[in-house]
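Okay, structure first, notes after.
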Amino acid sequence: MMANALVLRDKGTSGVEGHFADEAESLLTGLILYVAFMEEPERRNLLTVRELITQAPEGWTDLLRKMSKLVQADG
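Just so we're aligned, residue 0 is where the sequence shown starts under numbering that gives the first Met the number 0, counting upward by one.
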């Protein structure tokens with residue numbers, strides 16, 4: 000629900016634009032869940048999600064690798 004509120008969609012978005020909006024929402028949902036389950040309580044917020052999204056490519060690759068191995072959400 001939070002991810003849905005963060006992804007802006009134009010009325011009538013469909014096709015390729017709709018696909019990318021859907022994928023952005025899925026990505027945000029995964030990152031929000033990761034932060035909720037894996038971060039320390041004081042870091043369980045949207046600022047941490049933003050930090051993860053905007054990190055360097057090397058960090059992004061490591062994060063995706065970690066997320067794929069989590070048992071909390073079946074990878």
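Quick reminder that beta carbons are idealized off the backbone N, C-alpha and C, glycines included. A quick note: this is a predicted structure, and the numbers were derived from the prediction, not measured.
Between Leu63, Val34 and Thr60, which has its C-alpha nearest arginine 49's C-alpha?
Val34
By Cβ distance below 7 Å, which residues in the same chain neighbour glutamine 71 in space, the five residues on each side in sequence not counted?
Phe36
Residues in the same chain with beta-carbon distance under 8 Å from threonine 47, minus the five sequence neighbours each way, listed in chain order, please.
Val34 and Glu38
Selection from Glu24, Pro56 and Leu62 that minimises the alpha carbon distance to asparagine 3:
Glu24
Pull up the distance between the alpha-carbon of histidine 18 and that of lysine 10, whole angstroms please.
14 Å
For lysine 65, name the three-state secondary structure that DSSP assigns.
helix
Short of 7 Å in beta carbon distance, which residues of its chain neighbour isoleucine 31, apart from the five on each side in sequence? Order them along the chain.
Met1, Ala2 and Val48
Under 9 Å between C-beta atoms of leucine 51 and leucine 62:
yes
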